[in-house]
Amino acid sequence: MPAIFSNPTADSYPIQVVPNDSNLEINVYDLAASIPEYVWDALRQNPFLVPRLQSLMLAIQKFVPRSRVYSVFAPEPVAELFARLWSDSTGIWHYPEPYYAAQLSFCTQRSFKNRQATTMREGSHYNLRPAIPSDLLAVAKLCLEFSQGSEPFVLDWEGAVREAEMLIYNKQVWVHEIQGASDSSSSESRKVYHKVGFVGLNGSEESIEGVERWSEIGFDRTKVQLGHW
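Just so we're aligned: 246 in this note's numbering is position 218 of the sequence shown, and the numbers increase by one with no gaps anywhere.
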């Protein structure tokens, strides 16, 4: 039996079905359709995953309007299976290409590599700090540019400003200021993370537990109410 829960905020009410042996969880943060359903599975190869997902869907449809489920974000095999089963159950088809795909990694004290001595040029100075209100326009510009490559979650300028305000207010965005010698780089983000100690990103390492692909798969936008996250 799955576990289902949501954060009891002003715009949502809690949903809980949590047995003692739960290993499948879904987060529904806002029933007003703002962010996707998040599904987490403790046992990726569990042979009971299909019936558990089916039980999960019955619980979702009991508490949540179908139009609320505009996408699912989960480990890639779970997301793909959920999307197929949800389409079969509701008749709302899913898009073959994911909205978003990510490689989740981690960095530990043992794997961390202090790169400051080799990456900072002589005469350079840096400051790492939380963003403040005076950074609003710069953060909004980044939000706008990121959204332009994130169909269908594209923001206009006003939406980008609102998102930047929320990120700054919640202290969820940091600014890395560098003064001194200029240095341009076109390295992929995964190469940057790998250099400082995030594991499983160089393509030649063996499979590492905790490093996995997650996907967001969307459902027919003519049948659901699209949100943003």
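For every residue, glycine included, the Cβ atom is placed at its ideal position computed from N, Cα and C.
No experiment lies behind these values; they were computed from the predicted model shown.
Relative to the alpha-carbon of G177, which residue among L86, I120, G119, Y127 has its alpha-carbon at the smallest distance? By one-based count along the sequence shown, residue 177 stands at place 149. Ranking L86, I120, G119, Y127 by Cα distance to G177 puts Y127 first.
Which residues DSSP lists as bridging P22, in chain order: Residue 22 is absent from the structure shown; the chain starts at 29 and stops at 257.
Let's see if you can read the secondary structure: which residues bound the beta strand (DSSP E) around V189? On the sequence shown, residue 189 is found 161 positions in, with the first residue counted as 1. Unbroken run through V189 is the alpha helix (DSSP H), 185-197; no beta strand (DSSP E).
V167 and V201 look like a contact to me (Cβ under 8 Å); what is the Cβ gap, rounded to whole Å? Here the question's residue 167 lines up with position 139 in the sequence shown. Here the question's residue 201 lines up with position 173 in the sequence shown. At roughly 6 Å, the Cβ-Cβ gap stays under 8 Å, so V167 and V201 are in contact.
Would you list, in sequence order, the uninterrupted beta strand (DSSP E) runs of no fewer than 3 residues that lie entirely inside the region 102-131? none
Are there three or more Cβ pairs, one per stretch, closer than 8 Å when the region 105-123 is compared with the region 228-248? yes
Name the DSSP bridge partner or partners of G247? What you label residue 247 is simply residue 219 of the sequence shown in a count that begins at 1. In the sequence on display, residue 247 carries Phe and not Gly. F247 pairs with H122.
Using only the alpha-carbon positions, how far apart do Y123 and I206 sit? By 1-based counting over the sequence shown, the position of residue 123 is 95. By 1-based counting over the sequence shown, the position of residue 206 is 178. Straight-line Cα distance between these residues: approximately 42 Å.
Quick one: Cα of I196 to Cα of F174, how far? Taking the first residue of the sequence shown as 1, we reach residue 196 at position 168. Taking the first residue of the sequence shown as 1, we reach residue 174 at position 146. In a straight line, the C-alpha of I196 is about 16 Å away from that of F174.
Spatial distance of A60 from R96 (CA atoms): The sequence position of residue 60 within the sequence shown is 32, counting from 1. The sequence position of residue 96 within the sequence shown is 68, counting from 1. The predicted model places A60 with a pLDDT of 48, which falls under 50 and marks its position as unreliable, so this point remains unresolved.
State the DSSP-derived secondary structure class of H256, mapped to helix, strand or coil. Here residue 256 refers to the residue found at position 228 when the sequence shown is read from its first residue. The answer is coil: DSSP assigns H256 none of H, G, I, E or B.
Quick check: the Cα distance between L170 and F76, rounded to an integer number of angstroms? Here residue 170 refers to the residue found at position 142 of the sequence shown. Here residue 76 refers to the residue found at position 48 of the sequence shown. Going by the C-alpha atoms only, they are around 42 Å apart.
Whole angstroms is fine: what's the gap from L229's alpha carbon to A102's? To locate residue 229, count along the sequence shown from 1; it is residue 201. To locate residue 102, count along the sequence shown from 1; it is residue 74. Looking at the two C-alpha atoms, the distance is approximately 19 Å.
Given this structure, state the Cα-to-Cα distance separating S139 from G119, to the nearest angstrom. Here residue 139 is taken as the residue at index 111 of the sequence shown, counted from 1. Here residue 119 is taken as the residue at index 91 of the sequence shown, counted from 1. The alpha-carbon atoms of S139 and G119 are separated by roughly 46 Å.
Helix, strand or coil, according to DSSP, for R96 in the structure here? In the sequence shown, residue 96 corresponds to position 68, counting from 1. Of the three classes helix, strand and coil, the one that applies to R96 here is helix, per DSSP.
Expressed to the nearest angstrom, what Euclidean distance is found between the alpha-carbon atoms of A159 and Y98? The sequence position of residue 159 within the sequence shown is 131, counting from 1. The sequence position of residue 98 within the sequence shown is 70, counting from 1. Near 31 Å, if we compare the C-alpha coordinates of Y98 and A159.
Give the straight-line distance between the Cα atoms of Q137 and L86, rounded to the nearest whole angstrom. One-based indexing of the sequence shown puts residue 137 at position 109. One-based indexing of the sequence shown puts residue 86 at position 58. If you take the alpha carbons of Q137 and L86, they lie about 42 Å apart.
Looking at V227 and F134, is the spacing between their C-beta atoms short of 8 Å? As a working mapping, residue 134 is identified with position 106 in the sequence shown. As a working mapping, residue 227 is identified with position 199 in the sequence shown. Their beta carbons are under 8 Å apart, which means F134 touches V227 by this criterion.
Would you mind reading off the limits of the alpha helix (DSSP H) that contains S178? Position 150 of the sequence shown, counted from the start, is the residue given in the question as residue 178. Careful: S178 lies outside any alpha helix (DSSP H) and carries neither H nor E.
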